[in-house]
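Under our numbering, the first residue of the first sequence is numbered 1008, with each subsequent residue one higher. Where is the CB? At the ideal position from N, CA and C, for every residue including glycine. Let me begin by presenting the structure, written as structure tokens, before commenting on it.
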Amino acid sequence: MLELKQIRENAPVVQELLNRRSADTYDIQQLLQLDRQQRELESTRTNLQARSNEIGKLIGKKMREGGDPKEIQPLKEEGNEVRARLAASEPEIKELKKKIEELLLALPNLPDETTPVGKNETENVEVRRWGDEYVPQNSHILPHDEIAKKLNLIDFERGVKVAQSRFVCLTGVGAALERALISFMLDRQIAAGYVEVMPPVLVNSTALTGTGQLPKFALDSFKCEKEDLWLTPTAEVPVTNLYREEILEASQLPIYHCAYTPCFRREAGSYGKDTKGIIRLHQFNKVELVKFVHPDTSAAEHEALVKDAEAILQELKLPYRVVELCSGDLGFSAAKCYDLEVWLPSAGTYREISSCSNFKDFQARRAKIRFKEGKKKGTKFVHTLNGSGLAIGRTMAAILENYQEPNGKVKVPEALQPYLQREVL
RNA sequence: GGAGAGGUGGCCGAGUGGUUGAAGGCGCAGCACUGGAAAUGCUGUUUGGCGGCAGUCAACGAGGGUUCGAAUCCCUCCCUCUCCGCCA
């Protein structure tokens, strides 16, 4: 959420930054108009309230002193009158506040000044590449889904049978590989200083609003019919919301968490895309990194977070590149974002395997995650960041292709061998 | 699912209509005392909106009602805890 004050005082700048997003158009004029109305009514209301309080105190005092009822009666009458005016103004103020809140929640974050300006993903900027030397020279690499079938790692048909399309069932070594990847990634990030958490994977709508999935993206998540609970689309939601409505002590920062969770997404609007394989499923596993940091350090923390995610790919010796998203491709809540894209030989392209975002105070403001600096009065919003470290299924896909031998076998990355207790799948 | 209890400041806990944003205690911070500390004493210690930074308004789970006035009375909802049942 953006700060209303900032919008009010820097309207042209805010509008210009919003325009850089280009996916949608956002007009802040209506918001500013409602804000003006609301503030005017509010100041009148405050004055009336003050008078009402005054009358109340006066009556109380007179009554305690055993005052004359005749003296009190006119005060009561004025009180009634003030009260009536107050009651009359309230619905409009409430309505305005509600509308303002709605508009505010629907506005995306402002792109960071350093985020490259661009219309869409074609204008994203490649920052660096790693691991060219690990790109397989084998020209007959089967797509990950085909090799997975051949090696009995994934049962696609039965996954669909028990759920629906875009669900799979991992089997045998396939399941073990998934589990090994989860453990490997968690262990690596725990060693780097992230504290593991295993949060609920059903989350309420307040939590989803806190991180920015609601209200705009309700159709992207699965919702329970009877409760106010949703299947979490990413561990970002439960983990970031762990500290919702809390005031932390500055000395507690930074807080680093890593979490393994299954993730559930409806993949609305992506019909026909990636229908084969395990690149785009309704349910997938992911290890997530989440940071809560002091605003002064968030840019540096962001770079460090990307490095932590990259380390997984490097240790697995998977070729990848780092892409900085341009303003037009930025997610709703992000101010700045790097995607890690892993090399998929069968497609001859890089595919997103991690997305590392700095949300600055956008989520913190929605979720009311604040901190206090010692004796200093007042609170500030923390900065939140997160990134996949990494998406497990896509990592498996990358391994199945990049580690494929001409004889059709798939080697196990060295870093994973201790976890899987084998060298070949 | 059945029965009961309860939601007040960082925590415990008082408060059942009138200077109560909230007693008291704990904790925490500052000062005093001390060679230093403990103990003790004093002072301070929620958050948000508006602001000419003097103030002022709001908030005692949430929403509504009664009243000149509600943490306190009434209604609705939510949540937590305990016991029983069921269950990984």
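Residue state for serine 1059 is assigned as helix, using DSSP reduced to three classes. Around the beta carbon of glutamine 1411, 16 or more other beta carbons lie within 10 angstroms, which makes this residue buried. Straight-line measurement puts the Cα of glutamate 1153 at about 53 angstroms from the Cα of leucine 1038.
Counting along the chain, valine 1134 sits inside the beta strand (DSSP E) bounded by residues 1132 to 1137. In the same chain as lysine 1343, and ignoring 5 residues on each side of it, the C-beta atoms closer than 6 angstroms to its own belong to Asp1119, Thr1122 and Asn1365, in chain order. A contact is defined here as three or more CB-CB pairs under 8 angstroms, and the region 1294 to 1302 fails this definition with respect to the region 1096 to 1106. A direct Cα-Cα distance of roughly 33 angstroms separates glutamine 1259 from tyrosine 1426. Fully enclosed alpha helix (DSSP H) runs of no fewer than 4 residues are not present anywhere in the region 1283 to 1307. For leucine 1392, the enclosing beta strand (DSSP E) stretches over residues 1390 to 1398. Beyond the five residues adjoining it in sequence on each side, lysine 1416 comes within less than 8 angstroms, by CB distance, of Val1431 and Leu1432 in the same chain, given in chain order.
Here lysine 1324 is near proline 1420, since their CB atoms are less than 8 angstroms apart. Contact check for leucine 1160 against leucine 1188 fails: the beta carbons are separated by 8 angstroms or more.
Residue burial is scored here from C-beta neighbours: aspartate 1346 has at least 16 other C-beta atoms within 10 angstroms and is therefore classed as buried. By the CB criterion at 8 angstroms, serine 1361 and serine 1334 fall outside the cutoff. One thing to note: alanine 1266 has its Cβ within 8 angstroms of the Cβ of alanine 1242. Under the three-pair Cβ rule at 8 angstroms, the region 1134 to 1151 does not count as touching the region 1057 to 1072. Put simply, the backbone Cα of proline 1222 is about 31 angstroms away from that of aspartate 1315.
Per DSSP, the beta bridge partners of proline 1269 are Asn1292. According to the DSSP secondary-structure assignment, threonine 1356 is paired through a beta bridge with Leu1351. Residue pairing from DSSP places tyrosine 1345 in a beta bridge opposite Glu1331 and Cys1363.
For the options Ala1422, Lys1105, Ile1079 and Ala1199, the alpha carbon positioned closest to that of glutamine 1045 is the one of Lys1105.
Residue pairing by DSSP places histidine 1264 opposite Val1202 and Val1297 in a beta bridge. The way I'd put it, the region 1023 to 1030 doesn't touch the region 1134 to 1142; fewer than three beta-carbon pairs between them come closer than 8 angstroms.
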